[in-house]
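Start counting the sequence shown at 417; every next residue gets the next number (the working numbering). A short write-up of the structure that comes next.
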Amino acid sequence: MQFVILLLGILLLLFLIIRVKLNTFVSLIATSILVALGLGMNPANIADSIKNGIGSSMGELIIVFGFGAMIGRLVSDAGGSYRIARTLINVFGKKRLQVAIVIASFMIGISLLFEVGLVLVTPIVFAVALEADVPFLYLGISMAAALSATQGFLPPQPSPTAVATALGANVGEMLLIGIVVAIPCVIVAGPIWTRVIRRFNPDLFVVKKSLPAFGEVKEFDLNATPGFGMSVLTSLFPVIFMAIATVYQMVANGGTAPKNPHGLDAVITMVGNPVIAMVIALLFAIWSMGIHRKRTMKEISGTLEDAIKSIAMLLMVIACGSAFKQVLIDGGVGKAVQDLMMHSKFSPILLAWLITVILRVSLGSATVSGMTAAGLITPLMHTLGADPVMIALAIGAGSLAASHVNDAGFWMFSEYFDLSVKDTFKVWTTLETVISVVGLLMVLLMNAIFH
């Protein structure tokens, strides 16, 4: 019954957004309430479930998104994004721009949360696409593929790290094998899949001069813009802090953060936290792209205000997507998946992937689906003597499949790339599914090689 309600809820949401043209934010809230009632939740608890879903996602994302948007706008308004774009074009040329974007996004994605990476890297990629006079999607799909693959397979990303810990897998081994698994996923879902999408949906690949999330990109005299080094440093300042924390934890603490850090551990943990890193990075950006460029505080404040205005609706949509996810969890959809798969006779790797895919489609959250699947598969893994690293990577692959309307990433991609819901399904949902399937095949190959 839960699956029927889930399906009806998704169909209702799509109807309200696509056919009725109702605001996405309002549609998500209305659908969440109706689905909660359909799942048999106590009406008195529905509001709390929605509030908990919104609160769980916004606690960190408010600062990450807000400050990330401010940093991006400061760099853009000062001409830093233009400088970065021109330099990349000059070094790689138009024909190899996808390669440059893939490598940069993959390296950044190892240490950054997907949401943070998307906030920080997207404005730069848009500026590169605009300056090179190529469609934003031509480069953006490869960027999203690299950021997404690192989120699913590579510690110290939260989901793969949590799954590895729950299964007792070696984090360092998972990182090394995960890189081997992730690289083909990025190549296939990035440059190759871009060609496939472009062939069947050529109307999506148009050169856009502006995007709602960033505003219109200004034209600059290259000689009057900040230097390439300062522009990159400002844009990726949070990445540096998080990367330092990641490397330190891998060297000093075996890949995991200490439970009760003191002294240097405490300081590294603090500056490596995305919230603190963003605060420090924004203060640096205010100096490097504002005060240092002889801009007044009134001008700087105007830039910061414009940045927040541009992402206000995006934050609302993401928050309500999280509310929808929480209603599904509290309504027992996760338990229904557990009961369905409990007596299945698939191989442990395929079963781990399949359970996670079903949870991902049902619940939306990659982390929640991954951790829930880890709990379900652990007894079978021990019984059959399966390799925890391979199981963890299979779960990582499954957690990326078929992102749709109950996943915050779906709405982020839709808003950032200025795509309709229908077009987001064509691009983002298929991209995520390609990563998931290629990831599963690579895990099966790695398992055959090592066992």
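Just so it is clear, CB atoms sit at the ideal spot from N, CA and C, and this is done for glycine as well. None of these values were measured; they are calculated from a predicted model.
Backbone secondary structure at residue i - three-state DSSP
i	result
isoleucine 830	The displayed chain sequence assigns serine, not isoleucine, to residue 830. Correct three-state label for serine 830: helix.
serine 626	strand
alanine 585	coil
valine 550	coil
aspartate 464	helix
phenylalanine 636	coil
methionine 417	coil
threonine 641	coil
lysine 725	helix
leucine 652	coil
valine 535	helix
glutamine 665	helix
aspartate 746	helix
methionine 559	helix
methionine 457	coil
valine 411	Nothing can be reported for residue 411, as the shown portion of the chain is limited to 417 through 867.
valine 821	coil
alanine 802	coil
leucine 816	coil
proline 677	coil
glutamine 573	coil
Proximal residues to residue i (C-beta, below 6 Å), its chain only, five neighbours per side dropped
i	result
serine 465	Gln742, Val743 and Asp746
glycine 525	Gly533, Ala562, Leu563 and Thr566
lysine 510	Ala548
tyrosine 664	Ile684
alanine 501	Ala543, Val544 and Glu547
isoleucine 865	none
proline 654	Ala693, Met694 and Ala697
threonine 447	Gly425, Leu428 and Leu429
beta-carbon residue i near the ligand ADP non-hydrogen atom, thresh 6 Å
i	result
glycine 454	Summarising the ligand content, the structure contains no ligands, and the ligand ADP is consequently not present.
Cβ of residue i within 7 Å of any chain C Cβ
i	result
isoleucine 462	In the structure shown, chain C cannot be found, because there is only a single protein chain.
Beta-carbon proximity list for residue i, same chain, < 8 Å, skipping 5 on both sides
i	result
serine 732	First, the residue type needs correcting, since residue 732 is methionine and not serine in the sequence shown. So the qualifying residues of the chain are Phe441.
phenylalanine 483	Met694, Val695, Ala697 and Leu698
valine 687	Phe657, Ile660, Ala661, Ala693 and Ile696
glycine 584	Pro804
methionine 862	Ile593, Val596, Val597, Met806 and Leu809
Beta-carbon contacts of residue i that lie in its chain and below 7 Å, excluding the five residues immediately before and after
i	result
serine 815	Gly568, Ser575, Thr772, Arg776, Ala782, Ser785 and Gly786
alanine 752	Gln418 and Phe419
threonine 840	Phe826, Phe829 and Ser830
phenylalanine 636	Gly495 and Tyr498
proline 571	Thr577, Ala580, Val587, Met590, Leu591 and Gly671
valine 622	Pro551
alanine 789	Ala768, Ile771, Thr772, Leu775, Ile811 and Gly814
isoleucine 763	The sequence given here has serine at residue 763, not isoleucine. None.
**Request:** Specify whether the stretch 574-584 and the stretch 531-540 touch according to this definition: at least 3 beta carbon pairs, one from each stretch, less than 8 Å apart.
**Result:** no
**Stretch pair the stretch 485-492 + the stretch 709-727: three plus CB contacts closer than 8 Å** = yes
**Asked** For the stretch 552-562 against the stretch 602-611, are there 3 or more C-beta pairs whose distance is under 8 Å?
**Response** yes
**Message:** Under 8 Å, with one C-beta from each stretch per pair, do the stretch 799-814 and the stretch 822-832 reach the 3-pair mark?
**Reply:** no
**alpha helix (DSSP H) runs wholly inside the stretch 680-712, at least 4 long, in chain order** = 680-688 and 690-704
**Message:** When you compare the stretch 645-665 with the stretch 835-852, are there three or more beta-carbon pairs, one atom per stretch, that lie closer than 8 Å?
**Reply:** no
**Item:** In chain order, each alpha helix (DSSP H) run of at least 4 residues that lies wholly inside the stretch 840-867
**Value:** 846-866
**Message:** As an exercise, report each continuous alpha helix (DSSP H) stretch of at least 4 residues that is fully enclosed by the stretch 594-623, in chain order.
**Reply:** 609-616
**Request:** Within the stretch 762-788, note down every full alpha helix (DSSP H) run reaching 4 residues or more, in order along the chain.
**Result:** 764-779
**Prompt:** Taking one C-beta from the stretch 450-458 and one from the stretch 837-850 each time, how about it: are there three or more such pairs within less than 8 Å?
**Reply:** no
**Request:** Please specify which runs of the beta strand (DSSP E), each continuous and at least 3 residues long, are wholly inside the stretch 484-524, giving them in chain order.
**Result:** none
**Asked** Should the stretch 800-811 be called in touch with the stretch 589-600, which here means at least 3 C-beta pairs below 8 Å?
**Response** yes
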